[in-house]
Amino acid sequence: MSTARGLVAAQSARFASLDPLLPPAVEPPEGDVITAALPDGGRVAALLSHQVYPPQSVTRLWSAAEVWELVPLVGDAGGAGMEALVRVWRQRMDALDSGDPDSSCVVHWPSRDAEATRVFLGHGMVPLSVLGVRIAPPPARPRTTLTIRRATPADLEAVVELSLEELRYSSFVGSTVMRDEAPALKRRTMGERLAAASPVWLAERDGIPVAMAECAIVPSEPGTAASIRLPHGRWGYVNCVSVLPGARGSGIGQQLMAYAHQELHRMGVVGTYLYYNPPNPLSSVFWPRQGYRPLWTVWEVRPASGLR
Numbered sequence: 000m001s002t003a004r005g006l007v008a009a010q011s012a013r014f015a016s017l018d019p020l021l022p023p024a025v026e027p028p029e030g031d032v033i034t035a036a037l038p039d040g041g042r043v044a045a046l047l048s049h050q051v052y053p054p055q056s057v058t059r060l061w062s063a064a065e066v067w068e069l070v071p072l073v074g075d076a077g078g079a080g081m082e083a084l085v086r087v088w089r090q091r092m093d094a095l096d097s098g099d100p101d102s103s104c105v106v107h108w109p110s111r112d113a114e115a116t117r118v119f120l121g122h123g124m125v126p127l128s129v130l131g132v133r134i135a136p137p138p139a140r141p142r143t144t145l146t147i148r149r150a151t152p153a154d155l156e157a158v159v160e161l162s163l164e165e166l167r168y169s170s171f172v173g174s175t176v177m178r179d180e181a182p183a184l185k186r187r188t189m190g191e192r193l194a195a196a197s198p199v200w201l202a203e204r205d206g207i208p209v210a211m212a213e214c215a216i217v218p219s220e221p222g223t224a225a226s227i228r229l230p231h232g233r234w235g236y237v238n239c240v241s242v243l244p245g246a247r248g249s250g251i252g253q254q255l256m257a258y259a260h261q262e263l264h265r266m267g268v269v270g271t272y273l274y275y276n277p278p279n280p281l282s283s284v285f286w287p288r289q290g291y292r293p294l295w296t297v298w299e300v301r302p303a304s305g306l307r
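So, in structure tokens, the structure goes:
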């Protein structure tokens, strides 16, 4: 068995001990590999990817324009292995021109790995995003005076307004960036989603849209990107939930999500997942109350030169 395969097997076993919902680790693809030596003579490794997103990329709405992402393979070395890897990563970043303010260093790691958490915090990274999962059965649909319905292409203006409102707020409390091109990008992407009859729901009060839940169906199958983060199965993805400022605090979001959860489960999903920002004082309270709990944490530092 190769060193990489040995690390994959050991890391899979550690993942299983940390959280039963974590899928097994996978061998990273070919790329820029960094390695680090451990005091006991063992070695750990990681893939370091470098991505630059062009101005018209929708990814720039929740990401820095230039991203260095570490994909660790530490086996069962725990915090010591991660510390050794991040030190080598920092040295690599010191040798690069990574001072652009619109840049970041990122790593996705299981939320329940407290040893790794200590390492990331010690190197100046912050938990800007969390992938949360919900596998509970859908709640009973609450009584409501709202009208909740599927959005259609005729609702594009309302959907774009709600999507941009969520983007504005998130830009203060997470990884989101409110860029000049955001309205055009949102109009394009939401127009495509509505034209494809994607699962997007609007909540109306007195005929006026006050909230939106933009969702999708994502299969986690061998070889898919989702299979790296989620157990195999058909999952509901909650991409954006937005309530207009004047309607917040009245239970509209809870009613809308109770409806959306029922509809997604009716479509045959094994569970639902989403990303939320721990620094967000609204979503960090709201989503746990809806039954979501952290599975993966996205650790980040901006600019990339801020990695200690």
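Take 0 as the starting number for the sequence shown in numbering that gives the first Met the number 0 and just add one per residue. All C-beta atoms in this analysis are idealised placements derived from N, C-alpha and C, irrespective of residue type, glycine included.
I'd like to confirm the pairing. Which residues does DSSP put opposite residue i in its beta bridges?
| i | result |
| --- | --- |
| S48 | E68 |
| P208 | E203 |
| E213 | V199, C239 |
| V129 | Y275, T296 |
| I33 | A45 |
| I147 | A202 |
Might you give, ordered along the chain, the residues of its own chain that have their beta carbon closer than 6 Å to the beta carbon of residue i, omitting 5 neighbours on each side?
| i | result |
| --- | --- |
| G80 | V43, V73 |
| E82 | V118 |
| L243 | V209 |
| W67 | H49, C104, A303 |
| A9 | G74, D75 |
| V300 | C104, G123, M124, L306 |
| P218 | R233 |
| Q289 | M256 |
| S241 | L161, E164, E165, M211 |
| S11 | P23, A24 |
Here's a check: name, in chain order, each residue in its chain whose Cβ is nearer than 7 Å to the Cβ of residue i, leaving out the five neighbours to either side.
| i | result |
| --- | --- |
| L60 | L166, T175, V176, R178, A181, L184 |
| V87 | I33, A35 |
| G41 | A76 |
| V57 | L184, T188 |
Alpha carbon to alpha carbon, how far is residue i from residue j?
| i | j | result |
| --- | --- | --- |
| G121 | G222 | 34 Å |
| H3 | L145 | Checking the sequence shown, residue 3 turns out to be Ala, not His. A3 and L145: Cα-Cα distance of roughly 54 Å. |
| L255 | D205 | 15 Å |
| S283 | E26 | 32 Å |
| E156 | M189 | 10 Å |
| H264 | E160 | 27 Å |
| R233 | L21 | 15 Å |
| M0 | D18 | Residue placement at M0 is poorly supported in this model, since its pLDDT is 40, which falls under 50; the coordinates are not used for a value here. |
| S16 | W298 | 21 Å |
| P287 | P293 | 9 Å |
| M92 | Y52 | 19 Å |
| V70 | P230 | 19 Å |
| D96 | G78 | 28 Å |
| N279 | R247 | 14 Å |
| V158 | E29 | 40 Å |
By Cβ distance below 8 Å, which residues in the same chain neighbour residue i in space, the five residues on each side in sequence not counted?
| i | result |
| --- | --- |
| G267 | R233 |
| D99 | A64, E65, P302, A303 |
Are there any heavy atoms of the ligand SAH lying less than 6 Å away from the beta-carbon of residue i, as far as the coordinates show?
| i | result |
| --- | --- |
| T116 | Inclusion of the ligand SAH in the displayed structure is not the case, the ligand content being empty and no account of it being possible. |
Contact the region 192-211 vs the region 142-151: 3+ CB pairs below 8 Å = Using a Cβ-Cβ distance cut-off of 8 Å, the region 192-211 and the region 142-151 are in contact, since at least three pairs of beta carbons, one from each stretch, lie closer than that value.
Three-pair Cβ contact test at 8 Å for the region 131-145 versus the region 271-280 = Yes: at least three Cβ pairs fall under 8 Å.
Contiguous alpha helix (DSSP H) assignments of at least 4 residues, all confined to the region 52-108 = 77-93
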